[in-house]
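There are 2 protein chains.
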Amino acid sequence: MSTLAQNKADLERASTAQKVADMLRERVLLGELEPGLRLSEEAIGGALGVSRNTLREAFRLLTRDRILVHEHSRGVFVRRPTGEDVRDLYAARRVIECGALRLWNDVSDAQREAVRAPVRQAVARAEKNDFSRTGSANIQFHRGIVGLAGSARLSDESDRLFAELMLAFRVAHEVEAFHQTYLPWNRKIVELLNNGTVEQAVQQLDEYFDAAEQDLVSRLVAD
Amino acid sequence: MSTLAQNKADLERASTAQKVADMLRERVLLGELEPGLRLSEEAIGGALGVSRNTLREAFRLLTRDRILVHEHSRGVFVRRPTGEDVRDLYAARRVIECGALRLWNDVSDAQREAVRAPVRQAVARAEKNDFSRTGSANIQFHRGIVGLAGSARLSDESDRLFAELMLAFRVAHEVEAFHQTYLPWNRKIVELLNNGTVEQAVQQLDEYFDAAEQDLVSRLVAD
DNA sequence: GATTGTGGGATTGTTGAACGATTCTACGAT
DNA sequence: ATCGTAGAATCGTTCAACAATCCCACAATC
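Chains as they are written, first to last, in the UniProt record's numbering: chain A, 1 to 223; chain B, 1 to 223.
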């Protein structure tokens with residue numbers, strides 16, 4: 001009975017701070033609040049009609065998700081990933097996603113399908129010259145890869161990681177267009193997986209990370 | 001100039017909430033506050049002489065670290081890991097640590113030494129029948145393995161992971177004695193690494209995880 | 001006897017105001 | 001141009017209050 005679980009999730013969403021945090025997260029990820037911007041407690045709190053204490057609680061939630069950074073007595077800012085952040089990001093992705101991909105032969109069909117499907121969709125869209133959601137398709141592909149590990153905490157951590165990566169894309173002024181470059185890579189990886197050559201797929205993924213990291217770092221504007 | 005960086009870290013530690021959180025974390029990890037216990041805002045805040053708002057901020061910090069769990073309108077509780085939590089914990093460790101260990105030949109000597117040293121110390125202590133800090137030595141070993149990845153975010157996430165594991169040990173009524181069983185395994189892994197047979201070391205680590213997970217889950221008392 | 005209302009009491013969620021501490025800004029001195 | 005300083009703006013923390021929610025015990029019902 002999935003409806004009950006869904007209802008429970010809705011009920012738990014009662015917290016005001018949670019709602020404020022969700023709204024702010026969306027605003028940041030959509031680019032309405034750009035990296036480096038300072039979020040004034042008074043201004044935001046006043047505009048949203050919540051008290052400072054509640055707003056600060058929302059800030060804390062987003063700080064945990066690395067969406068915001070907190071500087072003592074200075075306030076909170078939209079995170080602005082540096083080159084070093086991107087390097088760290090990809091070092092983590094290499095370990096997590098390559099490690100997860102190596103489990104390909106040990107996981108359920110549903111898990112494998114979660115990797116294949118996003119690429120299939122992206123290919124279908126690309127053939128119709130529809131590049132609208134190519135970015136989220138790419139992320140879905142990698143989210144599927146992480147899912148092979150079968151660890152909720154790892155998937156959650158990866159979601160935070162992808163969110164931070166989005167911020168880096170924004171700093172690099174590359175949001176949607178950026179991803180579609182890597183569709184051929186994803187196709188190749190799935191192809192290698194279907195052929196049963198898992199280790200080659202892992203190597204391909206590793207090379208993808210090399211290219212993506214270098215590309216992103218080079219486009220990162222210092223300020 | 002490491003002293004400057006250290007001073008900076010000290011200065012940034014000014015926040016009251018941070019200090020309260022550190023104190024509570026230590027209390028929990030030392031076992032003075034056992035898993036499942038509810039932490040009353042009034043009681044704790046009164047005892048520590050901080051306001052409810054500040055205490056709630058400390059609670060948020062510890063919730064992010066998975067030390068505490070927050071239930072809406074019910075309060076915060078010391079996390080009490082379930083069997084499913086432990087399973088998830090080890091699924092994550094398998095991917096992260098095995099993936100990191102495979103980088104053995106690509107990392108600096110200092111990073112490799114951070115893996116070897118804890119085992120050497122543990123062996124030296126064991127030969128003197130000193131099993132005092134065998135638990136932290138084991139954790140240092142695995143922390144070193146994660147460090148091979150060279151990602152601060154991965155190391156941080158692993159620290160949170162180890163903290164949660166500590167809580168699981170406590171639920172299983174196995175804190176210090178638990179670890180020393182696995183010293184031989186660690187020795188074997190380092191030995192295989194020194195022989196240059198990295199892939200065998202990874203396999204050995206994987207088997208260690210199987211054994212440790214099974215052992216811990218079986219000792220976990222339901223309630 | 002087991003289940004289902006129904007209170008009151010305790011605790012959390014949220015707000016608003018207040019004040020000291022820290023940072024930022026702009027202006028003027030050297 | 002650099003430095004120092006005063007004032008403004010903002011953050012950190014506390015306090016008090018009230019609404020919302022949960023918990024527990026007791027009564028009502030079948």
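Note that CB positions come from ideal geometry on N, CA and C, so glycine has one too.
As the structure is a computational prediction, the values presented were derived from the model and not from experiment.
Cα-Cα separation, residue i to residue j
i, j, result
"B:D206", "B:G36", "31 Å"
"B:D106", "A:L103", "22 Å"
"A:A91", "A:E42", "38 Å"
"B:A21", "A:G196", "49 Å"
"B:A5", "A:E71", "In this prediction, B:A5 has a pLDDT of 49, which is less than 50 and means its spatial position is unreliable; what the coordinates show is noted afterwards. When rounded, the distance between both Cα atoms is 16 Å."
"B:H142", "B:A114", "9 Å"
"B:G135", "B:S40", "31 Å"
"A:A201", "A:R219", "27 Å"
"B:T63", "A:L61", "10 Å"
"B:K188", "B:Q204", "8 Å"
"B:T3", "B:A152", "Note that B:T3 scores 48 on pLDDT, short of 50, meaning its location in the model is unreliable and no value can be drawn from it."
"B:M166", "A:R120", "43 Å"
"A:Y208", "B:A211", "34 Å"
"A:M1", "A:S108", "Residue placement at A:M1 cannot be trusted, given a pLDDT of 44 that sits under 50; what the coordinates show is reported in the next sentence. Those two C-alpha atoms are separated by around 22 Å."
"B:P81", "B:E174", "14 Å"
"B:T16", "A:K19", "26 Å"
"B:E164", "A:A124", "43 Å"
"B:G99", "B:V190", "16 Å"
"A:L101", "A:N53", "43 Å"
"A:A110", "B:L89", "22 Å"
"B:R94", "A:E199", "17 Å"
"A:A122", "B:G31", "51 Å"
"B:G83", "B:Q214", "10 Å"
"A:F77", "A:V69", "5 Å"
"A:N138", "A:Q180", "8 Å"
"B:R27", "B:R79", "13 Å"
"A:S73", "B:R116", "42 Å"
"B:Q140", "A:P118", "39 Å"
"A:D65", "A:G150", "21 Å"
"B:N186", "A:W185", "38 Å"
Distance CB(residue i)-CB(residue j) smaller than 8 Å
i, j, result
"B:L154", "B:I67", "no"
"B:V221", "B:V171", "yes"
"B:A168", "B:V50", "no"
"A:L55", "A:G45", "yes"
"B:L24", "B:A58", "yes"
"A:R38", "A:G75", "yes"
"B:A126", "B:L33", "no"
Bridge-paired residues (DSSP) for residue i
i, result
"B:R38", "B:F77"
Count the CB pairs spanning the segment 141-149 of chain A and the segment 158-166 of chain A that are closer than 8 Å, and state whether there are at least three. yes
What runs of the alpha helix (DSSP H), each 4 residues or longer, lie entirely inside the segment 61-116 of chain B? 83-101
Count Cβ pairs between the segment 120-133 of chain A and the segment 183-197 of chain B that sit closer than 8 Å; are there 3 or more? No, the segment 120-133 of chain A does not touch the segment 183-197 of chain B.
In chain order, which alpha helix (DSSP H) runs of at least 4 residues are fully inside the segment 150-212 of chain A? Here the runs fully enclosed are 152-171, 177-180 and 183-194.
Runs of 3 residues minimum, wholly inside the segment 120-151 of chain A: which ones carry the beta strand (DSSP E) assignment? none
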